[in-house]
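First the structure, in the form of structure tokens, and then the observations on it.
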Amino acid sequence: MTVSHRERIVAAGRKQKTDKLPFGARIDVWYNYHAGHGTLPEKYKDKNIVEICRDQGAGSQLRLYSTWKVWYTNLEVKVTENPPRKTTEWRTPLGNVSMTTIFTPQEGPWIAYELDHPFKKREDYPVIEYILQNTRLTPDYTEYNRLEKIAGNDGIVMTGMASYSPMQQIMRYWIGFERFFYELHDNKAQVERLFELEKELAKQKVEILSKLPLEMIGVCSNWSDEFHTPIFMKYFVPWLKETSDYFHSIGKLTHVHADGEMKRLIPYFTETHVDIAEAWSPVPMTSVTTVELRKAWGDKVTIWGGIPATLFGPQYSDDEFDAYVKNMFKEIVPGYNFIVGMGDNLPFDGKIERVGRVAELIDKYGKLR
Amino acid sequence: MFDYAAIQQAIIEGDDEKTVKLVQDALKHEVSPADIVTYALQAGMATVGRKFSEGEFFIPEMLFAARSVTRAMDALRPRLGKAEKLTLGRVAIGTVAGDIHDIGKNLVGMFLEGAGFEIIDLGTDVHAEQFVEAVIKYKPNILGLSALLTTTMPAISATIAALEAAELRNKVKVIIGGAPVNQRFADMVKADGYGHDGGASIALCRKLVGK
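Taken in sequence, the protein lines are chains B and R. Counting from 9, one number per residue, gives the positions in the first sequence under the working numbering. Counting from 10, one number per residue, gives the positions in the second sequence under the working numbering.
Here it is, written out as structure tokens:
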């Protein structure tokens, strides 16, 4: 019986055995850059991500930010775009806040970074509370349905909480990491009030996501142990556990985009009941080896990743690449509960042929008993 | 000799109010402001940096310690003579060309400033020639280059090459950092140091300025 890439990926997420190592490649940074610059290889000029990965022998990830439309009541939102910058201003009866994002030429507008954050002073708390209280989400599955058709049996649509769990949304989006800890210390009640409002908003997201036929839902992204460990048990674990348990009750898996330094978070991860740690980026991009992670998590967490993004780039030779991947296979014996992938993307200067090389090496060395 | 341990401990605990109070007490006892900076503030921050690198401390501890030092310096500044050279050295820091990530650079800058260095923040997307201009203008002891994308790492080597072309390479120590950067890359581009984290950058910079 032929097993598809998608079936293998989902089976590994469910801790079920399959015929060989699943391979769920993420190549959107490489693809978007080269498609935008007209530098895709000739044979791929009219192909999409799934088709390219299929040609290379890999399953694929298709990224989708959210499956809803956002509506605001009793406030105005003004968006000003001056590529690569985009400024969003929320104008409320209690005051205004704004945020500017920017993207790099290498990653494109699909991956934008915050230049500042809506929260800039203590007086912004009631404004942000007002925004959260006046935000409504309605399902919009149009783009999901379109991507699902493209994905078919070879890809997985990676979508979920629009990246972040409630407290991560406050840390990363509303306040920013640099200011967050000062605010949590100096204005704890206000930060926790925002947390409660974000949790309320998260209920709307969970409800919308629960209607998707998708097998797995993303519940958070971008942890780094130096930031998150001190507050993880109090502000992350309870919500992640409750949300994962809910999605489990309706037959779905949960995943987090675990692309950062995880060392001191490893002992707490299983408390979250999250099934899959995706975008796993081992040494040299973080300080943790795949062996350490497997030893710590055993059969409880499926690891998706394992090949550092840098390895696909020109600073490593083909022999070094092969040696790394083969060694990774040895480290993960017997190979269950593991989905091969990038930590966390094929970089714009990465070699697409190495995606195919991973698939070849899986066929040669990655069969599972 | 004045016992600076209590001030150091207040910094380690991230208690800015206690740090400032103890500094003010020290001043009342006619302890030299310069000595307070060197033996209490810089020493306390060095300990915090070490604990961070060793995995005992996290970002919040570093931030609160840095804030304690900043507030202590605000209390000391009126009492510091103009001639007193209290910084350990001058560090110019920026994110390289094509890279707009700033959180790592900002945090390292905060920690180094708390540890006693003077920081010149050059911002993000800094091109090689701009780094060269900064070295000419500011004459830093150390130039810090940050890259958070594998695709912008080549800008680090381009910057070092530009310094060599301008005959400035031996006038400044170059340290590099950022998520995709590692010691292997640092050796390849012949940087003077690689900082794995903000805490390590304190010890590294002190070593490079010979303190």
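Just so it is clear, CB atoms sit at the ideal spot from N, CA and C, and this is done for glycine as well. Being a predicted model, the structure only gives us computed values, none of them experimental.
Remark: C-beta atoms of Ile-185 of chain R and Ala-171 of chain R do not approach each other more closely than 8 Å.
A Cβ-Cβ contact shorter than 8 Å links Ile-45 of chain R with Leu-85 of chain R. Contact annotation: in the stretch 98–129 of chain B, residues whose CB is within less than 7 Å of a CB in chain R are Ile-110, Thr-112, Pro-113, Gln-114 and Tyr-121.
For Asn-115 of chain R, the C-beta contacts it makes with chain B under 7 Å involve Glu-186, in order along the chain. Exclusion of the five residues before and after Leu-155 of chain B leaves Leu-70, Leu-72 and Val-165 as the residues of its chain whose Cβ lies within less than 7 Å of its Cβ. Taking CB atoms only, Pro-355 of chain B has a neighbour in chain R less than 8 Å away.
Around the beta-carbon of Lys-114 of chain R, 16 or more other beta-carbon atoms lie within 10 Å, marking it buried. Excluding residues up to 5 positions away in sequence, Tyr-276 and Glu-279 lie with their Cβ nearer than 8 Å to the Cβ of Met-241 of chain B in the same chain. Residue state for Leu-261 of chain B is assigned as strand, using DSSP reduced to three classes. Excluding the 5 residues flanking it on each side, Ala-266 of chain B has same chain C-beta neighbours closer than 7 Å at Trp-231, Ala-285, Glu-286, Ala-287 and Trp-288, in chain order. When DSSP states are grouped into helix, strand and coil, Leu-72 of chain B belongs to the coil group.
Think of a sphere of 9 Å around the beta carbon of Ala-33 of chain B: no beta carbon from chain R falls inside it, the nearest being about 16 Å out. The alpha-carbon of Val-11 of chain B is positioned some 59 Å away from that of Asp-24 of chain R.
No Cβ-Cβ contact shorter than 8 Å links Gly-306 of chain B with Phe-337 of chain B. Straight across, the Cα-Cα distance linking Ala-212 of chain R with Thr-161 of chain R is about 26 Å. Following the DSSP letters along the chain, one finds Phe-126 of chain R inside the beta strand (DSSP E) bounded by residues 126–135.
The beta-carbon of Thr-168 of chain R is placed no less than 8 Å from the nearest beta-carbon of chain B.
The residue from R:Gly-207, R:Lys-27, R:Gly-90 and R:Ala-106 with its alpha-carbon nearest to that of Ile-169 of chain R is R:Ala-106. Interface with chain R (8 Å Cβ-Cβ cutoff): Phe-235 of chain B is included. For Thr-79 of chain R, no beta strand (DSSP E) segment is defined; the enclosing uninterrupted segment is the alpha helix (DSSP H) at 68–85. The DSSP-derived three-state label of Arg-22 of chain B is coil.
In summary, Ala-174 of chain R is exposed, with fewer than 16 beta-carbon neighbours lying within 10 Å of its beta-carbon over all protein chains present. Counting along the chain, the unbroken beta strand (DSSP E) around Arg-99 of chain R starts and ends at 98–105. Bridge partners of Met-166 of chain B according to DSSP: B:Arg-71. Gly-65 of chain B sits away from Gly-343 of chain B, with the two beta carbons spaced by 8 Å or more. Sorting R:Ile-16, R:Ile-102 and R:Asp-34 by C-alpha distance to the C-alpha of Tyr-147 of chain R places R:Ile-102 at the top.
For Ala-209 of chain R, no Cβ of chain B is located within less than 8 Å of the residue's own Cβ. Met-350 of chain B is not a Cβ neighbour of Phe-329 of chain B, given a cutoff of 8 Å.
With respect to chain R, the C-beta atom of Ala-317 of chain B has a partner C-beta closer than 8 Å. Look at Asn-150 of chain R here: in three-state DSSP terms it is coil, with no helix or strand label. Note that the C-beta distance between Phe-127 of chain B and Trp-182 of chain B is below 8 Å. The alpha-carbon separation between Val-366 of chain B and Ile-360 of chain B amounts to approximately 10 Å. Under a criterion of Cβ atoms nearer than 8 Å, the residues of chain R adjacent to Pro-292 of chain B are, in order, Asn-191 and Arg-193. Taking 9 Å as the Cβ-Cβ cut-off, the stretch 270–283 of chain B approaches chain R at Lys-271 and Arg-272, given in chain order. 8 Å or more divides the Cβ of Leu-116 of chain R from the Cβ of Gly-53 of chain R.
Residue nearest to Leu-158 of chain R within the set B:Thr-318, B:Ser-325, B:Ile-370 and B:Arg-362 is B:Thr-318 (criterion: CA-CA distance).
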